[in-house]
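Per numbering that gives the first Met the number 0, the sequence shown starts with residue 0, numbered consecutively. Glycine included, every Cβ here is placed at the ideal spot set by N, Cα and C.
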Amino acid sequence: MLNAAEIAKIVDRMGKIKQQIAELTSESDTLEAMLLKQFEADVEDTKYKSVKYRGTESEVSAAYADSVKLIYPSMLKKIFGEAYHDVVTEETTYKLSANTKRLLAALYKKDFIGGTTVTEALGKITADSKTLKALMKKVKGKNFEGDKKNLMNIAGLEEETASDYAYMINEIASWQEFEKLLAVSGEVTKERVDQTLEYINSAIVVEETPKITIT
0 MLNAAEIAKI VDRMGKIKQQ IAELTSESDT LEAMLLKQFE ADVEDTKYKS
50 VKYRGTESEV SAAYADSVKL IYPSMLKKIF GEAYHDVVTE ETTYKLSANT
100 KRLLAALYKK DFIGGTTVTE ALGKITADSK TLKALMKKVK GKNFEGDKKN
150 LMNIAGLEEE TASDYAYMIN EIASWQEFEK LLAVSGEVTK ERVDQTLEYI
200 NSAIVVEETP KITIT
C-alpha cells in the first residue's frame, strides 16, 4: 500500500504532467496555426491542395480536407439510384463511405474533367508500353500523394509535373466514377447528369478546411 508521502508525490507528479500537457498542446496549436497560415499563402491561386514542410528530424504535411455534410438525405436516392444501397449505409444518421464522400466533394466543388479517361491521360505521359502498363496498375486517381509518388517513381516525372498530372487524373477519375454510378440505374444523358449535379448541390455542403499531419 502507498503511504501518505508516496500518494502526495504521485498526485503532484500527475498535476505537473497535466500542466505540461496543457502547455505543450498550447505550443503545438500555436505552431500549427503558423504553418497553416503559411500553407494557405503557399497554395493561394494554385490548384495545389497539399504541401510538405521538412525539418531536420520531422516532416509536416499540410492539406485541405473536405468535410461533406448532408442537408437533404432523401436526395441521396435520387443521386445514386439503384446504386444507393451500395454506397450509403442507413443508420440513425446517414453515413457515407469515405470513397463516396470524396466523390461527392469533387462533384460539389466541380473538381472533375469529363470527355476523357485516366488511361488516355496516362498515355500522354509516356509512349512506352511497359511504363504505361505499370502506371495503369498504380495510378487510379483516388490517392493524390500515392499517385504523385508513382508518377515520379515509374514515369520519372519531376515533382511539380507529377503533382499537376495527379490532380488532373483525380478529376478525371471522379467523373468516370460518377458516370459509372449513373449507369447502374439508367442511361447517362446530359439532362440526367445536370439534374443529378443539381441534386448534389441541394443535398450536401462541402466545407474545405486545412489539416496538418506530422510524421
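Per DSSP, cross-strand counterpart(s) of residue i
i	result
Arg53	Glu58
Tyr63	Pro209
Lys68	Val204
Contact under 8 Å by Cβ, residue i with residue j
i	j	result
Val138	Leu156	no
Phe111	Trp174	yes
Ile70	Ile203	yes
Leu192	Asp65	The sequence shown places Val at residue 192, not Leu. No. Outside cutoff.
Leu102	Glu207	no
Met74	Ser201	yes
Val67	Leu23	no
Val50	Asp41	yes
Buried or exposed (CB count within 10 angstroms, at least 16 for buried), residue i
i	result
Tyr93	exposed
Asn152	exposed
Lys109	exposed
Glu187	For the sequence presented, residue 187 should be read as Val rather than Glu. The residue in question, Val187, is exposed, as its Cβ has fewer than 16 Cβ neighbours within 10 Å.
Val87	buried
Ile168	buried
Asp146	buried
Ala104	buried
Lys48	buried
Leu181	buried
Ala161	buried
Leu121	buried
Sequence-distant residues of the same chain with beta carbon closer than 7 Å to residue i, five excluded per side
i	result
Thr118	Met135
Leu196	Leu106
Ala172	Val117, Lys139, Gly140, Lys141
Arg12	none
Nonlocal neighbours in the same chain, by C-beta distance under 8 Å from residue i, ignoring five residues either side
i	result
Leu35	Ala61, Pro209, Ile211
Thr125	Leu131, Leu134, Ala154
Asp163	Lys46
Pro72	Tyr93, Ala202
Beta-carbon contacts of residue i that lie in its chain and below 6 Å, excluding the five residues immediately before and after
i	result
Tyr166	Lys46
Lys76	Tyr83
Asn98	none
Lys100	Val67
Residue i Cβ short of 7 Å to the ligand MN heavy atom set
i	result
Thr118	Among the ligands in the structure shown, none appear at all, so the ligand MN cannot be discussed.
Problem set entry | Those runs of the alpha helix (DSSP H) which lie wholly inside the stretch 83-146 and span at least 4 residues | Complete alpha helix (DSSP H) runs here, min 4: 83-86, 97-107, 117-122, 128-137.
Exercise. Unbroken alpha helix (DSSP H) runs of length 4 or more, entirely within the stretch 158-205: which are they?
Worked result: 158-183, 189-202
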